[in-house]
């Protein structure tokens with residue numbers, strides 16, 4: 023079994039999360055978020071821009087300030103990360119999520135027109151004010167991670183990473199060395215081909231579960247956030263925490 027928890031700052035978090043970029047504000051989805059927390063999901067990941075703001079609003083309606091031990095992470099600054107714009111988005115996210123403290127807030131994407139230090143600086147101001155607990159950065163290079171760390175403590179990095187997309191290998195390794203949580207998005211975009219299918223058969227698992235097990239084994243600080251709107255699929259994802267790949271299986275997928 024993979025180590026089932028990772029430390030986000032001083033907070034232990036279950037190592038499978040939930041991506042919510044398609045989460046519309048419906049009664050069914052409000053119920054789904056509550057079920058996801060009850061099932062043991064470690065992090066619910068959203069963003070200011072997801073579903074035109076409905077993703078955050080749905081999570082806020084479902085949890086109403088009580089996350090049941092699950093970290094709610096959101097992001098801002100996609101396309102425009104000037105401090106005044108980002109500050110406004112933080113305030114709007116607090117209202118939508120119906121909370122006084124956002125568990126984890128990411129700079130969604132560095133803005134070519136704004137130094138990353140300025141964007142992260144306004145998030146740090148909110149952290150010092152007490153409205154953000156932990157800071158993350160997303161869609162970043164290793165150099166950008168280091169620049170962000172020069173102005174604020176960075177607890178998490180979120181990049182595109184899976185069996186077929188490995189361009190962030192250097193960031194994954196940096197995070198492992200520095201006790202920073204690495205959050206791979208689109209973790210299931212690549213199923214691993216025949217090798218993963220064979221390994222899945224041996225474990226009585228699905229190829230998706232093997233993909234997640236590989237990410238969990240890849241680094242002790244990874245926390246994948248597969249997206250789904252199905253409680254059955256979410257439980258299947260969580261079951262990947264029980265799968266232990268052998269050295270040979272891990273290398274065959276690598």
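Numbering (our numbering), first residue to last: 23 to 276. Positions of the beta carbon are idealized from the N, C-alpha and C atoms, including for glycine.
Check whether residue i and residue j have beta carbons under 8 angstroms apart
{"i": "residue 165", "j": "residue 179", "result": "no"}
{"i": "residue 182", "j": "residue 115", "result": "no"}
{"i": "residue 106", "j": "residue 133", "result": "no"}
{"i": "residue 77", "j": "residue 42", "result": "yes"}
{"i": "residue 260", "j": "residue 156", "result": "no"}
{"i": "residue 174", "j": "residue 149", "result": "yes"}
{"i": "residue 129", "j": "residue 99", "result": "yes"}
{"i": "residue 222", "j": "residue 228", "result": "yes"}
{"i": "residue 243", "j": "residue 193", "result": "no"}
{"i": "residue 95", "j": "residue 73", "result": "no"}
{"i": "residue 185", "j": "residue 245", "result": "no"}
Nearest-angstrom Cα separation, counted from residue j out to residue i
{"i": "residue 92", "j": "residue 189", "result": "29 angstroms"}
{"i": "residue 82", "j": "residue 199", "result": "34 angstroms"}
{"i": "residue 272", "j": "residue 26", "result": "18 angstroms"}
{"i": "residue 177", "j": "residue 191", "result": "18 angstroms"}
{"i": "residue 123", "j": "residue 238", "result": "28 angstroms"}
{"i": "residue 263", "j": "residue 51", "result": "24 angstroms"}
{"i": "residue 163", "j": "residue 48", "result": "36 angstroms"}
{"i": "residue 205", "j": "residue 225", "result": "25 angstroms"}
{"i": "residue 112", "j": "residue 220", "result": "45 angstroms"}
{"i": "residue 145", "j": "residue 89", "result": "21 angstroms"}
{"i": "residue 137", "j": "residue 196", "result": "22 angstroms"}
{"i": "residue 84", "j": "residue 141", "result": "30 angstroms"}
{"i": "residue 139", "j": "residue 187", "result": "27 angstroms"}
Helix, strand or coil at residue i according to DSSP, with G and I counted as helix
{"i": "residue 12", "result": "Residue 12 lies beyond the range of the chain shown here (23 to 276); nothing can be said about it."}
{"i": "residue 86", "result": "coil"}
{"i": "residue 155", "result": "strand"}
{"i": "residue 294", "result": "The requested residue 294 is not part of the displayed model; the chain covers only 23 to 276."}
{"i": "residue 227", "result": "coil"}
{"i": "residue 259", "result": "helix"}
{"i": "residue 176", "result": "strand"}
{"i": "residue 204", "result": "strand"}
{"i": "residue 126", "result": "strand"}
{"i": "residue 102", "result": "coil"}
{"i": "residue 93", "result": "strand"}
When the options are compared against residue i, the one with the closest alpha-carbon
{"i": "residue 252", "options": "246, 54, 234 and 28", "result": "54"}
{"i": "residue 39", "options": "113, 214 and 207", "result": "207"}
{"i": "residue 151", "options": "109, 176 and 169", "result": "109"}
{"i": "residue 231", "options": "243, 242, 96 and 209", "result": "209"}
{"i": "residue 65", "options": "161, 269, 213 and 126", "result": "126"}
{"i": "residue 58", "options": "276, 248 and 266", "result": "248"}
{"i": "residue 257", "options": "89, 44, 60 and 153", "result": "60"}
{"i": "residue 240", "options": "254, 266, 113 and 220", "result": "266"}
{"i": "residue 44", "options": "146, 63, 79 and 184", "result": "79"}
Contact with chain B by residue i, beta-carbon distance below 8 angstroms
{"i": "residue 229", "result": "Of the chains in the structure shown, none is chain B; there is only one protein chain."}
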